[in-house]
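Taking it in order: structure first as structure tokens, then the write-up.
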Amino acid sequence: MSTSTIPTAPTGPRSGIPTPRRSSTLITTVLCLAGVTVSLQQTLMVPLLPDFPGILGISTDDASWLVTITLLTGAVATPIVSRLADMFGKRKMMLVTLSMMILGSLIAVLGATFPTVLVGRAFQGFGSALIPVGIAILRDELPRAKVASATAFMSATLGIGAALGLPLSGLMFEHFGWSSIFWVSAVAGVLLFVAIVAVIPESAVRTKGRFDVTGAILLSIGLTGFLLGVSKGGHWGWTTEPTILAFVVSAVALTIWFPFELRVNQPMVDLRTAARRPVLLTNIAALLLGFAMYANSLSTTQQLQLPEISGFGFGLSALTAGLCMVPAGLAMVVFSPISAVVTRRFGPKSTLILGGLVLVGAYVFRAFATGSIGMIITGSVLVNIGTAFAYSAMPIIIMRSVPITETASANGLNTLVRSIGTSTMSALVAAFLTGFTMEVAGVSMPTEGAFKAIFASAALAGVIAVVVTLFIPRAAPALPAGPVPVGALGTLPDAAPPGRVARPGQVPTLAAPSVTVPSGKVTTEAAIEEIVARMNVLRADLRPIRQAVVVVMELSGEPVDWSRTDNGGELSVVLPGAGRYLVVASADGWAPQSQVVDLSDTAPLRITLGERLTLSGRAMLDGAGFEGCLVVLTSTGGEHLASTRSGPDGSYELTLPAGGRYLLTMLDPAARRTRTRQIVVLAQSVVVDLELADPEPVTS
22 MSTSTIPTAP
32 TGPRSGIPTP
42 RRSSTLITTV
52 LCLAGVTVSL
62 QQTLMVPLLP
72 DFPGILGIST
82 DDASWLVTIT
92 LLTGAVATPI
102 VSRLADMFGK
112 RKMMLVTLSM
122 MILGSLIAVL
132 GATFPTVLVG
142 RAFQGFGSAL
152 IPVGIAILRD
162 ELPRAKVASA
172 TAFMSATLGI
182 GAALGLPLSG
192 LMFEHFGWSS
202 IFWVSAVAGV
212 LLFVAIVAVI
222 PESAVRTKGR
232 FDVTGAILLS
242 IGLTGFLLGV
252 SKGGHWGWTT
262 EPTILAFVVS
272 AVALTIWFPF
282 ELRVNQPMVD
292 LRTAARRPVL
302 LTNIAALLLG
312 FAMYANSLST
322 TQQLQLPEIS
332 GFGFGLSALT
342 AGLCMVPAGL
352 AMVVFSPISA
362 VVTRRFGPKS
372 TLILGGLVLV
382 GAYVFRAFAT
392 GSIGMIITGS
402 VLVNIGTAFA
412 YSAMPIIIMR
422 SVPITETASA
432 NGLNTLVRSI
442 GTSTMSALVA
452 AFLTGFTMEV
462 AGVSMPTEGA
472 FKAIFASAAL
482 AGVIAVVVTL
492 FIPRAAPALP
502 AGPVPVGALG
512 TLPDAAPPGR
522 VARPGQVPTL
532 AAPSVTVPSG
542 KVTTEAAIEE
552 IVARMNVLRA
562 DLRPIRQAVV
572 VVMELSGEPV
582 DWSRTDNGGE
592 LSVVLPGAGR
602 YLVVASADGW
612 APQSQVVDLS
622 DTAPLRITLG
632 ERLTLSGRAM
642 LDGAGFEGCL
652 VVLTSTGGEH
662 LASTRSGPDG
672 SYELTLPAGG
682 RYLLTMLDPA
692 ARRTRTRQIV
702 VLAQSVVVDL
712 ELADPEPVTS
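Residue 721 is where the sequence shown ends in this note's numbering, and the numbering goes up by one at each step.
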């Protein structure tokens with residue numbers, strides 16, 4: 022690799038100093054309790070919505086805002102807090118988020134009026150960001166072998182809290198009044214605050230730079246408009262001015278936000294990373310599975326509470342119907358560790374597929390098994406089993422596919438996408454239950470067909486999610502012990518830049534013929550403090566190269582981390598310690614380079630890409646160079662890309678386009694001589710000489 026001013030660290034074994042780690046079990050327990058507390062905030066209020074109009078002297082529509090406002094603030098806060106966590110510290114942002122939740126609980130209970138309760142519920146919505154940030158902490162602090170099971174438990178807290186919140190709120194309201202819900206939330210928040218301070222260490226893995234304020238504002242406006250339209254469209258009417266205005270504002274804000282995020286130096290959401298196939302497809306699956314999963318939570322209690330006169334209801338009270346959801350929550354507790362075992366053995370992609378298939382089967386069962394309470398509970402349990410498998414796998418896929426410095430923000434985006442799915446299902450359920458009704462004893466109530474339509478929609482979403490998951494690429498297999506040809510490194514999927522398939526020549530071979538992976542080597546990751554190494558990727562004239570990709574690997578070929586330069590040519594990667602690594606750098610239009618270098622967290626490594634990739638050659642006529650020939654490069658779809666004229670000796674040169682198939686055309690305008698050839702561009706310079714041909718005679 023052409024480099025200059027490369028700082029060196031002591032050669033030899035890693036210089037990471039073993040340090041004592043806090044108990045993995047204790048860290049996981051505290052973070053999972055935080056997840057349960059957050060998910061409770063979403064469901065504790067739902068059973069009390071019919072009572073709040075009388076308690077606060079408001080309309081039913083106003084009371085629905087107590088749930089809507091938490092959804093909105095949670096959706097907006099999750100990507101913002103997750104990005105801040107990557108930049109300024111994960112534990113710090115967890116404490117800030119918990120403080121907002123505690124403050125909101127106190128404002129609601131002490132004010133005891135609709136405006137103060139509404140403001141309090143808005144502050145409680147900030148707690149949604151605790152789950153993706155907590156998952157990122159698990160990656161930073163736990164040994165690799167324990168991350169899958171801990172992540173599974175953390176993801177399961179969403180279902181656990183949702184299942185327990187329904188009966189718990191009924192019991193608390195019945196015995197202690199509505200204010201007890203907010204007091205319990207405040208006390209739980211304070212206890213968790215103390216536990217996080219005492220147990221959770223602050224991660225050293227951070228992204229330096231300036232927070233993207235403009236991007237955060239645009240994303241907040243876009244999300245608020247969309248979720249407001251989806252959640253309130255049923256009340257306002259889907260064709261009314263407020264609903265249309267909400268969607269229009271959302272569309273305008275997001276239309277501005279997308280190109281802005283591609284240009285800004287350090288974006289709020291790295292759209293290029295989000296567009297990587299594993300991340301993009303996982304987030305699409307998350308949207309669909311969030312949509313499918315929520316149908317169970319919304320419809321089960323309503324189905325159980327319908328009067329028996331409906332022909333398929335059971336007339337249960339809200340409290341009893343809520344208690345029927347407890348087995349579903351416990352199912353997530355039981356099957357989360359099982360999902361981790363499946364992930365460790367077969368990979369997270371297989372776990373996600375299995376979860377989707379179980380979810381589909383569960384909803385097919387629910388559509389036909391409506392004859393008894395036991396059958397409904399069984400169907401609900403099966404849905405949560407599928408959810409446990411699916412939700413535990415998605416964060417693992419995400420964290421394997423993004424730079425380590427972006428784990429919190431990437432998981433935050435995944436959580437946000439799931440919440441969009443649940444919000445959409447909420448609107449669909451409301452539409453079905455109000456659109457398919459019947460009159461029984463003078464009372465309007467949903468038909469059984471409405472519930473079957475809900476379950477069918479959820480099953481269809483699950484099927485599409487499984488199909489999408491099938492296209493997620495699997496992670497690279499582990500290298501075997503013993504000699505490994507270095508040329509094989511070019512075929513490792515994890516060694517390829519984002520969005521590309523590694524090809525021979527894309528990762529240049531080293532000077533040595535092979536490297537050796539020591540047999541029986543045991544990596545004690547939990548005992549070595551990770552460090553953040555900074556790098557600059559520059560041209561020969563020291564101008565920065567934007568969007569260059571740097572991959573760092575062990576000398577055994579095992580990938581360590583990767584990242585992409587910002588507009589200033591800077592990036593950060595996370596290493597298990599200072600030492601010697603294989604560094605591979607590539608950028609569109611530049612020759613990829615590699616070298617073994619010593620990395621540390623002191624001075625930044627400066628990488629210079631000196632060889633510009635070009636498309637060059639000569640325009641020929643009768644075996645000699647032809648001056649003034651027009652050279653045109655077009656895509657196979659007809660798009661004009663570049664053009665130039667040949668020099669005195671017939672030579673020409675164009676900047677090499679991105680990899681793909683193109684048409685290269687040469688034309689002598691005076692004599693109408695022309696020649697076209699299809700060329701294939703890879704990550705290396707291309708030389709094409711073309712002999713001009715006399716024009717074909719024109720016939721009428």
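We treat Cβ as the ideally placed atom computed from N, Cα and C, and that holds for glycine.
Predicted model, so just to flag it, every value in this text is computed and none were measured.
Quick check on the burial criterion: 16 or more other C-beta atoms within 10 angstroms. Buried or exposed for residue i?
i      : result
Trp611 : buried
Val362 : exposed
Arg682 : exposed
Val218 : exposed
Phe367 : exposed
Trp86  : buried
Leu513 : Model confidence at Leu513 stands at a pLDDT of 33, short of 50, so the residue's coordinates are unreliable; what they give is reported in the following sentence. Buried, since its Cβ has 16 or more Cβ neighbours within 10 Å.
Trp259 : exposed
Phe726 : Nothing about residue 726 can be reported from this structure: the residues present for the chain run from 22 to 721 only.
Gly243 : buried
Arg231 : exposed
Gly250 : buried
In the DSSP assignment, the beta strand (DSSP E) including residue i goes from what residue to what residue?
i      : result
Asp582 : Pro580 to Arg585
Trp611 : Trp611 to Leu620
Ile629 : The question names Ile, yet the displayed sequence has Thr at residue 629. Run containing Thr629: Leu626 to Thr629, per the beta strand (DSSP E) assignment.
Met687 : Gly681 to Asp689
Ser656 : Leu651 to Ser656
Met556 : Ile552 to Leu559
Val734 : Outside the displayed range of the chain (22 to 721) lies residue 734, so it cannot be described from this structure.
Gln326 : Counting along the chain, Gln326 falls outside any beta strand (DSSP E), though it belongs to the alpha helix (DSSP H) covering Arg298 to Gln326.
To the nearest angstrom, how far is it from the Cα of residue i to the Cα of residue j?
i      : j      : result
Leu403 : Ala216 : 34 Å
Ala640 : Ser371 : 54 Å
Leu378 : Ser360 : 14 Å
Gln145 : Gly182 : 15 Å
Gly526 : Leu275 : A caution first: Gly526 carries a pLDDT of 32, below 50, which makes its placement in the model unreliable, though a value can still be read off. Their backbone Cα atoms lie some 39 Å apart in a straight line.
Asn432 : Ile552 : 21 Å
Val707 : Thr586 : 26 Å
Leu688 : Asp291 : 42 Å
Pro348 : Gly400 : 11 Å
Phe410 : Val605 : 35 Å
Met415 : Gly649 : 57 Å
Val522 : Glu579 : Because the pLDDT of Val522 is 32, which lies under 50, any placement of that residue in the model is unreliable, and the number read from its coordinates should be weighed accordingly. Cα to Cα, the separation comes out at about 17 Å.
Arg142 : Thr468 : 33 Å
Trp204 : Gln568 : 49 Å
Pro358 : Ile566 : 45 Å
Leu651 : Ile156 : 57 Å
Ala657 : Ser584 : According to the sequence provided, residue 657 is Thr. The question's Ala does not apply to it. Spanning the two alpha carbons is a distance of roughly 31 Å.
Asp582 : Asp609 : 20 Å
Val269 : Asp233 : 24 Å
Gly198 : Pro68  : 13 Å
Gly376 : Ala306 : 11 Å
Gly210 : Leu603 : 45 Å
Pro263 : Leu239 : 20 Å
Ile101 : Leu213 : 22 Å
Ala169 : Ser667 : 59 Å
Phe356 : Val484 : 21 Å
Grab the span of the alpha helix (DSSP H) containing residue i for me, first residue to last.
i      : result
Gly638 : Gly638 -> not in any alpha helix (DSSP H); beta strand (DSSP E) instead, spanning Thr635 to Leu642.
Arg366 : Val347 to Phe367
Ser487 : Note that residue 487 is Val in the sequence shown, not Ser. Its alpha helix (DSSP H) spans residues Glu469 to Leu491.
Met121 : Lys111 to Gly132
Glu648 : Premise fails: Glu648 is in no alpha helix (DSSP H) and is neither H nor E.
Could you check if residue i belongs to the surroundings of the ligand COA, using beta carbon to heavy atom distance under 7 Å?
i      : result
Phe389 : In the structure shown, the ligand COA is absent, as is every other ligand, since no ligand is present at all.
Assuming the contact rule is C-beta atoms closer than 8 Å, residue i and residue j should be a hit. Round their C-beta distance to whole Å, please.
i      : j      : result
Phe476 : Tyr384 : 5 Å
Met175 : Leu159 : 6 Å
Val300 : Ala177 : Wrong, their Cβ atoms sit about 22 Å apart, outside the cutoff.
Ser206 : Ser318 : Between Ser318 and Ser206 the Cβ distance is about 20 Å, and since that is not below 8 Å, they are no contact.
Leu491 : Ile374 : 7 Å
- Message: Would the stretch 326 to 333 count as touching the stretch 428 to 441 if we require 3 or more Cβ pairs under 8 Å?
- Response: no
- Could you tell me whether the stretch 103 to 112 touches the stretch 220 to 228, where touching means 3 or more Cβ pairs closer than 8 Å? yes
- Message: Whether or not the stretch 292 to 303 and the stretch 470 to 488 are in contact is what I'm after, with contact meaning three or more pairs of Cβ atoms, one per stretch, closer than 8 Å; do they touch?
- Response: no
- Query: Is the stretch 665 to 685 touching the stretch 622 to 631 in the sense that three or more CB pairs, one from each, lie closer than 8 Å?
  - Reply: no
- Message: Can you confirm whether the stretch 51 to 71 touches the stretch 84 to 98 when touching is taken to mean that 3 or more C-beta pairs between the two stretches lie within less than 8 Å?
- Response: yes
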